[in-house]
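Chemist:
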Amino acid sequence: MAWNNNYVPEIDLSYETDDAKQTMAEISAMLDKNGFGDAGRELRIRTARALIAGDRAVNSMADQTVQEVAGLMRDRQYRQKSYHPGTYAFNHKVNNQHMVDRLKDHKDGNTHRIYTDITNKGYNYSQAFEFGLLTKNYPAHHPFQDAANHLGLNQMNGKLDSQVDEAIRKGFD
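Be aware that the sequence shown starts at 10, since it is given in the numbering used here, and climbs by one per residue.
Quick look at the structure:
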């Protein structure tokens, strides 16, 4: 692996709501126009409730993912002989900015990008922690990959899909 930042590990969670909002708005407008009483208003209310519930479900999954990755990083990082609290390597690594402390959910609208932005002289060393370094005899630890597997994020119709579907269903109840 080259000493660049082309392989920074991250977990991306995103969802689209624009098509659903537009479709429900069109149906609501049709119901209002054709005299279906309060059906259009009720559909708009339930749609808004479902979208808020779906947003909360994805936010919750992003929080779970951050906690899972942080736990795996903490567990695997501190097992190394040279990297315990109180040792020189621990106390001076990258100006005391540690990988677990810099792991964040970078949210932009409906997109969650979970990664750590910790660098040492411009190199994001979370990629070395995730994938290992053959030239330095540094093993791969895979906290991002293992968290994604454990939470079912890399599967079709996994845990995230189930939680969002349930949240939307409850929003329309």
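Cβ coordinates follow ideal geometry from the N, Cα and C atoms, glycine included.
Which of the three DSSP states is assigned to His107 in this structure?
Modeler: His107: coil per DSSP, three-state reduction.
Chemist: DSSP three-state call for Ile127: helix, strand or coil?
Modeler: Ile127 falls in the coil class under three-state DSSP.
Chemist: If I measure Cβ to Cβ from Thr56 and keep anything under 6 Å in the same chain, skipping five residues before and after, which residues do I get?
Modeler: Met33, listed in sequence order.
Chemist: Just to confirm the assignment, what range does the alpha helix (DSSP H) spanning His159 have?
Modeler: Note, His159: alpha helix (DSSP H), 152 to 160.
Chemist: Give me the residue from His121, Asn133, Lys179 with the minimum Cα distance to Met108.
Modeler: Answer by Cα proximity: Asn133.
Chemist: Quick one: is Pro148 buried, meaning 16 or more other Cβ sit within 10 Å of its Cβ, or exposed?
Modeler: It counts as exposed.
Chemist: Since Gly49 and Ala38 should fall inside the 8 Å C-beta cutoff, what is the C-beta to C-beta distance between them, to a whole number of angstroms?
Modeler: Right, the Cβ-Cβ distance comes to about 7 Å (below 8 Å), so this counts as a contact.
Chemist: Taking the straight line between their C-alpha atoms, what separation do you get for Ile20 and Pro152?
Modeler: Taking the straight line joining both Cα atoms gives about 11 Å.
Chemist: Cutting at 8 Å between CB atoms, please list the residues of its own chain near Glu77, excluding the five before and the five after it.
Modeler: The residues are Ala156, His159, Leu160.
Chemist: Using CA atoms only, rank isn't needed, just tell me which of Asp174, Leu60, Gly131, Leu143 is closest to Asn14.
Modeler: Checked all of Asp174, Leu60, Gly131, Leu143; the closest Cα to Asn14 is Gly131.
Chemist: Name the two residues that bound the continuous beta strand (DSSP E) containing Asp1.
Modeler: The question about residue 1 has no answer here: the residues shown for the chain are numbered 10 through 182.
Chemist: If you draw a straight line from the C-alpha of Ala176 to the C-alpha of Ala66, how long is it?
Modeler: In a straight line, the C-alpha of Ala176 is about 7 Å away from that of Ala66.
Chemist: If you count every other CB in all the chains shown that lies within 10 Å of the CB of Asp27, and 16 or more means buried, which is it?
Modeler: With fewer than 16 Cβ atoms within 10 Å of its Cβ, Asp27 is classed as exposed.
Chemist: Please determine, among Ile127, Leu143, Ala71, Ile54, the residue with the shortest C-alpha to C-alpha distance to Asn119.
Modeler: Answer by Cα proximity: Ala71.
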